[in-house]
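Participant: Here the protein sequences line up with chains A and S, keeping their order. Numbering follows the numbering used here, in which position 138 of the first sequence is assigned residue number 138; successive positions increment by one, without gaps. Numbering follows the numbering used here, in which position 119 of the second sequence is assigned residue number 119; successive positions increment by one, without gaps.
Number of protein chains: 2
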Amino acid sequence: MPSRPLRVAQAGNDATRLREFAGYAFAAPALLAQALTHRSAGSPHNERLEFLGDALVNQFVAEALYLHWPKADEGALTRARAELVRESALAGLARELKLGEHLVLGPGEMKTGGHRRDSILADALEALVAAIHLDSGFEACRAVVLPWFAPLIEALPPPNKVGKDAKTRLQEWLQARQRALPAYALVEEGGDDHARIFRASCTLAEPAVHTEGEGSSRRAAEQQAAEAALRIIEA
Amino acid sequence: MPSRPLRVAQAGNDATRLREFAGYAFAAPALLAQALTHRSAGSPHNERLEFLGDALVNQFVAEALYLHWPKADEGALTRARAELVRESALAGLARELKLGEHLVLGPGEMKTGGHRRDSILADALEALVAAIHLDSGFEACRAVVLPWFAPLIEALPPPNKVGKDAKTRLQEWLQARQRALPAYALVEEGGDDHARIFRASCTLAEPAVHTEGEGSSRRAAEQQAAEAALRIIEA
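And the structure:
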């Protein structure tokens with residue numbers, strides 16, 4: 001990769017001057033500047049850091065879940081990790097840290113609102129984690145990063161429910177009570193060719209429950225209907 | 001999970017007595033015994049440890065590659081990591097450590113040669129890594145585990161070639177020299193219904209090269225032919 005020191009002028013862009021972020025003070029602020037630089041703004045950008053940070057986040061979260069749920073099986077741990085490290089979850093953490101305000105983007109990405117895009121925010125968060133790790137080592141990095149995930153870990157559903165979709169949870173609820181399985185039906189299909197809307201129903205025999213859900217696919221509509229049924233029977 | 005202290009008697013099974021493995025002496029040998037116990041032999045088995053070890057191995061390898069290839073882009077790093085942490089690579093390391101000899105398996109898995117199976121060996125290797133981590137922390141674990149991967153990292157092809165299949169590498173070789181792309185043709189299709197054999201040819205205009213390859217699918221046969229062509233033009 002050629003090193004192109006191109007830097008895009010941006011109102012309020014302070015990435016090259018920042019020394020501290022999210023309560024962590026960098027010994028090498030150049031690492032922080034790199035973590036906050038999207039590839040659209042030239043090199044050095046944050047793609048290599050993102051590769052390293054992805055593995056670090058995965059490891060921090062895996063270990064935290066292992067300790068948090070001493071009895072959970074591998075399947076529950078794997079599903080919980082997927083919930084915590086998925087793009088939208090990482091982007092949510094990035095927003096809490098106001099990371100978007102400090103991102104350095106190329107003009108095209110700036111115009112199209114790249115600093116608010118989930119993928120760019122999640123990648124930059126991972127890059128930031130790698131930058132802290134390279135700046136001060138694994139243990140110090142974990143001490144900074146784990147508290148970001150702690151509220152998400154606390155908010156997880158129990159191990160036997162985490163990461164399972166509504167249809168699966170509804171089926172398991174009924175099977176555990178030896179009840180008949182739900183019947184799903186397509187109620188309506190409409191919308192434009194490019195934006196179809198499906199409406200599906202979910203009917204239980206016992207307890208007698210009938211719900212409907214809507215979505216951009218038949219499957220999504222059924223999940224909505226199952227979710228509504230779960231809310232009724234678990235209330 | 002209920003704790004079932006079932007332990008299967010096995011000739012030469014010393015997992016519950018081992019204190020040291022692969023040059024690492026455990027402060028808590030119970031962790032080692034658990035890492036070496038497959039779920040077919042009862043609880044506590046190594047599935048939770050495998051979950052944690054998978055993340056650790058991923059992180060050790062990601063960091064080693066990041067440092068080993070300071071100029072490689074994210075794509076090359078990702079492909080190289082996939083090569084190093086894939087099941088067959090981990091199983092190969094497990095065999096070098098003679099891990100199979102110490103595995104504790106249930107009677108069914110023992111009869112069917114489970115201690116030689118890639119998936120079981122790779123899982124146990126990951127569990128062993130987690131056991132070392134829990135026994136003495138991240139830095140000590142990395143110091144034990146990274147040397148296992150060092151020869152594999154040294155043996156990687158260059159970043160721009162790693163993890164790319166033969167047809168891709170051949171195409172890139174030709175495009176870099178502005179030569180015509182290869183022509184693939186199916187030469188023969190035979191074998192039984194359940195074990196088809198395909199034979200494909202690869203023809204280059206310049207240099208004039210004609211090779212053939214065989215495989216269980218047309219694609220596999222073409223890859224073999226491309227590999228043969230690469231060996232000729234790169235010789």
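Glycine included, each C-beta is placed from N, C-alpha and C at the ideal position. None of these values were measured; they are calculated from a predicted model.
Tell me which residue opens and which closes the alpha helix (DSSP H) that R19(A) is part of.
Facilitator: R19(A) -> no alpha helix (DSSP H), and no H or E assigned at all.
Participant: Are L49(A) and A140(A) close, meaning C-beta to C-beta below 8 Å?
Facilitator: Their beta carbons are not under 8 Å apart, which means L49(A) does not touch A140(A) by this criterion.
Participant: Of the choices Y184(A), P182(A), F60(A), whose alpha-carbon is the least far from that of I153(A)?
Facilitator: Measuring from the Cα of I153(A), the nearest candidate turns out to be F60(A).
Participant: Tell me, please, whether the CB atom of Q59(S) is closer than 8 Å to any CB atom in chain A?
Facilitator: Yes, contact with chain A.
Participant: Mapping DSSP to helix, strand and coil, what is P94(A)?
Facilitator: Per the sequence shown, residue 94(A) should be read as Ala rather than Pro. Looking at A94(A) - three-state DSSP - the assignment turns out to be helix.
Participant: Whole angstroms is fine: what's the gap from A160(S)'s alpha carbon to A80(S)'s?
Facilitator: Residue 160(S) is actually Asn in this sequence, not Ala. Using only the alpha carbons, I get a separation of about 10 Å.
Participant: Using a Cβ-Cβ cut-off of 6 Å (strictly less than) and excluding sequence neighbours within five positions of L128(S), which residues of its own chain qualify?
Facilitator: So the list reads A35, once near-sequence residues are dropped.
Participant: Going straight from the alpha carbon of L67(S) to that of L77(S), what length do you get?
Facilitator: Going from the Cα of L67(S) to the Cα of L77(S) covers about 10 Å.
Participant: Return no unless some Cβ of chain S is closer than 8 Å to the Cβ of D135(A).
Facilitator: Taking Cβ atoms only, chain S never reaches closer than 8 Å to D135(A), which makes this a no.
Participant: With S40(S) as the anchor, note down where its beta strand (DSSP E) starts and where it stops.
Facilitator: Where S40(S) is concerned, there is no enclosing beta strand (DSSP E), given that its DSSP letter is neither H nor E.
Participant: Could you tell me which residues DSSP puts in a beta bridge with V162(S)?
Facilitator: DSSP, once it has assigned bridges, lists no residue as partnering V162(S).
Participant: Can you name, in chain order, every residue of its own chain whose Cβ lies under 8 Å from the Cβ of D73(S), other than the five neighbours on each side?
Facilitator: Closer than 8 Å at the Cβ level, and outside the excluded window around D73(S), lie P159.
Participant: Would a C-beta distance cut-off of 8 Å place D135(A) and F26(A) closer than the cut-off?
Facilitator: Cβ distance < 8 Å, so D135(A) and F26(A) count as in contact.
Participant: Since V201(A) is in the beta strand (DSSP E), which residue starts that stretch and which ends it?
Facilitator: The sequence as given places Ser at residue 201(A); Val does not occur at that position. 195 to 204 is the span of the beta strand (DSSP E), which, as asked, contains S201(A).
Participant: For my contact list, V209(A) and A229(A) are in at a C-beta cut-off of 8 Å; report their separation, rounded to the angstrom.
Facilitator: Correct: roughly 5 Å between the Cβ atoms.
Participant: Could you give the distance in angstroms between the alpha-carbon of K164(S) and the alpha-carbon of L32(S)?
Facilitator: The alpha-carbon atoms of K164(S) and L32(S) are separated by roughly 37 Å.
Participant: Starting from A127(A), find everything on chain S with Cβ-Cβ shorter than 8 Å and list it in chain order.
Facilitator: Neighbours of A127(A) on chain S: none; closest Cβ ~10 Å, over 8 Å.
Participant: I need the DSSP call for A228(S), collapsed to helix, strand or coil.
Facilitator: In this structure, A228(S) counts as helix in the three-state DSSP scheme.
Participant: Quick one, which residues of the segment 71 to 98 of chain S are near chain A if we go by CB-CB under 7 Å, in chain order?
Facilitator: The segment 71 to 98 of chain S vs chain A, Cβ under 7 Å: K71, D73, E74, L77, T78.
Participant: Going residue by residue through the segment 49 to 127 of chain S, where are the continuous beta strand (DSSP E) segments of at least 3 residues, counting only ones entirely within it?
Facilitator: Counting whole runs of 3 or more residues, the segment 49 to 127 of chain S contains no beta strand (DSSP E) stretch at all.
Participant: Does L103(A) have its Cβ less than 8 Å from a Cβ in chain S?
Facilitator: Taking Cβ atoms only, chain S never reaches closer than 8 Å to L103(A), which makes this a no.
Participant: Under a three-way DSSP split, which group does E234(S) fall into?
Facilitator: Residue state, collapsed to three classes: coil.
Participant: Between the alpha carbons of I197(A) and E214(A), how many angstroms are there, rounded?
Facilitator: Rounded to whole angstroms, I197(A) to E214(A) spans 7 Å at the Cα level.
Participant: Is R48(S) close to chain A, meaning its C-beta is less than 8 Å from at least one C-beta of that chain?
Facilitator: R48(S) counts as touching chain A.
Participant: Using the DSSP secondary-structure output, state which residues sit across from E212(S) in a beta bridge.
Facilitator: Paired residues: S201(S).
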